[in-house]
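Colleague:
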Amino acid sequence: MAILLRTTLLLLCTASSFVFAQNVTTEAQATERVGWVANDTTRSTSQIIFCCVSIFLVCSLECVHLNIPSIEESEAGWYMYRGWLYYWPTAPLRRLWYRRLGWVALIAIAPEIGVAVAFEELMEARKTFRRYKHLGFTMPRAFYAYMGGYRVAIPQTFLNQDGDTRDGPTLMTGTVQGDNENHQILVKDNMVERMLYYSPQLTTLEILDELEIFPATEEACLQDRGLPLMKEEDIHNVSTSDAVIKGFACLQCVWLISLDITRAAAGLPISELELMTLAFIFCALIMYGLWWYKPFGVQRATLILPPNQEKANIVHDRLGPPGAEGRSQGIGTVVETWLDVPRCFLFDPFDWKRSEYDEPRSIICNLTSLVFSGFHLVAWKWEFPSGTTRMLWRIFSLTATGAPLVLMSISGILLVHYATGSRVRYRAALKVVMYGMSIIYAISRVGLIILVFYCFSSMPAAVYKTEQWCHFFPHFA
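According to mature numbering (1 follows the signal peptide of the UniProt record, and there is no 0), the sequence shown holds residues -21 to -1, 1 to 456 in order.
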């Protein structure tokens, strides 16, 4: 939280300095405006766009730590022509791509939703860490469990009601090193293709603990259970976080923040796109901090095999139907998240099954939204290509900033009436208000994105002036 407050204060101070800088410049050069600029001696339009868009793309891809995909998606590949030419991705692989694009679009329009999701996942991981601390859990292990890192695999014919397993994998008795008892292990060619997969939820991990089939995390536990040791290094090894990409993202962010601070100190204006990118950096830093311990880019879960038929039957009965791939964050989850946008701003007071983190999540989301949208209000008195453009910018900025506040105010009024009125009636009214404000909010955000690029059609000439030190600072443009 201290890092969040410091980051917020720094970016707000930077943004406030732009107001004075922009006013000074526009008063002196109000009539000097240019369109597309391609000049080697000053900043060019393409350089500004590349810098900001690259920050957005890299940060959105690196900051959003998606959960582990389903077994089918993990095994996804390409269609091949004549056995050697890859020409089209399979349906599961396309779903993986759609998932990533869907979350990028969501973060583009409403980055505070990503902050809210990251906050809730952090709270769930902390709960898991405390609950299974006796198993040697750390925060990375807790996140790994939350994101679907453990899945139970049982042969399909292993669970026949008549007990006939002639067509299924054979059961052979073997001894695992460090174990005093013999455990039955499953051995058969192509066994994985005939498995039923169970995705335990956080609340059902206790079942695996009771059955003593949870992956070992310490050497002593390894000897007691005869299970493969699950070290924290193993989780980091399957994480595909690329230090080069993260370094590129940090370099570009530091470059843009430093550049804008020096331009404000020199009385030079910045573009609306740079202002929006600064607001996005604020949200990206928060998301990255909340997901600090969450493994990134893990594509395969750890499969757990029950040691005998008795425990396999218990898992089948208590973990529910197989094939439920929870927390995969697929394209369907993206759609559900879009529909759940209002609940990120305001928990439903009429939903008695709501999450215990709905209230703090709503507070975090609202505060982040106010700061993010407040950045756009900094350009209230800036010069725009036309009066209509300025009016639209003000309307969209005010709407995006005020939507969460209006939603909270209306919900308070409805709660007062709810105390003496019909629960069903006012719950329906609240849902109408919630989804209505969400639509208005999304339209405002999309409108701002369109305007930041339209403003390049007529920009103050001082926007393209540059400081000498900028040529010596390492960056990509």
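Ideal Cβ positions, reconstructed from N, Cα and C, are used throughout, including at glycine.
Given the structure is predicted, the values throughout are model-derived calculations rather than measurements.
Please report whether the beta-carbon of Ala245 lies at a distance below 9 Å from any beta-carbon of chain C.
Modeller: This model lacks chain C altogether; it includes just one protein chain.
Colleague: Identify which residue in Lys106, Ala407, Val131 has its Cα closest to the Cα of Pro119.
Modeller: Among Lys106, Ala407, Val131, the Cα nearest to that of Pro119 is on Lys106.
Colleague: Which residues share a DSSP beta bridge with Thr281?
Modeller: Bridge partners of Thr281: Tyr129.
Colleague: Taking the straight line between their C-alpha atoms, what separation do you get for Ser178 and Leu284?
Modeller: Taking the straight line joining both Cα atoms gives about 13 Å.
Colleague: Among Gly56, Ala121, Leu75, whose alpha-carbon lies nearest the alpha-carbon of Trp67?
Modeller: Looking at the Cα atoms, Gly56 is the closest of the given residues.
Colleague: Tell me whether the region 95 to 104 and the region 340 to 354 touch, counting them as touching only if at least three CB pairs, one residue from each stretch, are closer than 8 Å.
Modeller: Flag = yes, the region 95 to 104 and the region 340 to 354 touch.
Colleague: Check whether the Cβ atoms of Val277 and Ile50 sit closer than 9 Å, and answer yes or no.
Modeller: No. Outside cutoff.
Colleague: On the DSSP bridge assignment, give the partners of Met59 in chain order.
Modeller: Partner(s): Tyr65.
Colleague: For Asn292 and Trp271, what's the separation of their Cα atoms in angstroms?
Modeller: Straight-line Cα distance between these residues: approximately 38 Å.
Colleague: Thinking C-beta only, is Val431 closer than 9 Å to Leu254?
Modeller: Taking 9 Å as the Cβ cut-off, Leu254 and Val431 qualify as a contacting pair.
Colleague: Is Ala441 buried or exposed, if buried means 16 or more other CB atoms sit within 10 Å of its CB?
Modeller: Result: buried.
Colleague: For residue 459, which residues in the same chain have their Cβ closer than 7 Å to its Cβ, ignoring the five residues on either side in sequence?
Modeller: One cannot answer for residue 459 here, as it falls past the ends of the chain, which runs -21 to 456.
Colleague: Quick check: what's the CA-CA separation for Pro274 versus Leu72?
Modeller: The alpha-carbon atoms of Pro274 and Leu72 are separated by roughly 21 Å.
Colleague: Cα separation between Gly426 and Phe375?
Modeller: One C-alpha to the other measures close to 7 Å.
Colleague: For the alpha helix (DSSP H) containing Thr117, list its first residue and its last residue.
Modeller: Element bounds for Thr117: n/a, residue is neither H nor E.
Colleague: What would DSSP say about Val12, mapped onto helix, strand or coil?
Modeller: Inspection of the sequence shows that residue 12 is occupied by Arg rather than by Val. In this structure, Arg12 counts as strand in the three-state DSSP scheme.
Colleague: Are the CB atoms of Tyr443 and Thr117 nearer to each other than 9 Å?
Modeller: Contact: no.
Colleague: Taking just the CA atoms, how far does Ser53 sit from residue 458?
Modeller: What is shown of the chain runs -21 to 456, which leaves residue 458 out entirely.
Colleague: Is it right to say Ile192 is buried, meaning 16 or more other beta carbons lie within 10 angstroms of its own, or is it exposed?
Modeller: With 16 or more Cβ atoms within 10 Å of its Cβ, Ile192 is classed as buried.
Colleague: Name the two residues that bound the continuous alpha helix (DSSP H) containing Glu94.
Modeller: The amino acid occupying residue 94 in the given sequence is Val; Glu does not appear at that position. Where Val94 is concerned, the enclosing alpha helix (DSSP H) stretches over 90 to 110.
Colleague: Based on the DSSP secondary-structure assignment, which residues constitute the bridge partners of Met413?
Modeller: Met413 is not bridged to any residue.
Colleague: Candidates Ile422, Ser348, Leu85: which alpha carbon is nearest Pro383's?
Modeller: Of the listed residues, the one whose Cα sits closest to Pro383 is Ser348.
Colleague: Do Ser39 and Ile92 have their CB atoms nearer than 9 Å?
Modeller: No; because the gap between Cβ atoms is not below 9 Å, this pair is not in contact.
Colleague: Measure the alpha-carbon distance for Pro439 versus Ile34 and round it to whole angstroms.
Modeller: Their Cα atoms are separated by approximately 23 Å.
Colleague: Near residue 534, which residues of its chain fall below 6 Å by C-beta distance, leaving aside the five closest residues on each side in sequence?
Modeller: This structure does not reach residue 534, given that the chain is present from -21 up to 456, and the question cannot be answered.
Colleague: Whose C-alpha, out of Leu101, Ala132, Trp76, is nearest the C-alpha of Val294?
Modeller: Among Leu101, Ala132, Trp76, the Cα nearest to that of Val294 belongs to Ala132.
Colleague: For Tyr176, which beta-bridge partners are listed by DSSP?
Modeller: Tyr176 is bridged to Ala132.
Colleague: Give the secondary structure of Pro364 by DSSP, where H, G and I count as helix, E and B as strand, and everything else as coil.
Modeller: Looking at Pro364 - three-state DSSP - the assignment turns out to be coil, as it is neither helix nor strand.
Colleague: For Pro439, write down the residues that DSSP places opposite it in a beta bridge.
Modeller: Paired residue(s): Arg12.
Colleague: Give the DSSP-derived three-state secondary structure of Phe275 in the structure shown.
Modeller: Reduced to three states, the DSSP call for Phe275 is coil.
Colleague: If you draw a straight line from the C-alpha of Leu235 to the C-alpha of Ala70, how long is it?
Modeller: Taking the straight line joining both Cα atoms gives about 39 Å.
Colleague: Residue range of the alpha helix (DSSP H) that Ser348 falls in?
Modeller: Counting along the chain, the alpha helix (DSSP H) containing Ser348 begins and ends at 337 to 356.
Colleague: For Arg369, which of Asp296, Cys434, Glu335 has the nearest alpha-carbon?
Modeller: Of the listed residues, the one whose Cα sits closest to Arg369 is Cys434.
Colleague: Between the beta-carbon of Cys232 and the beta-carbon of Ile249, is there less than 9 Å?
Modeller: No, the pair does not count as a contact, with Cβ atoms beyond the cut-off.
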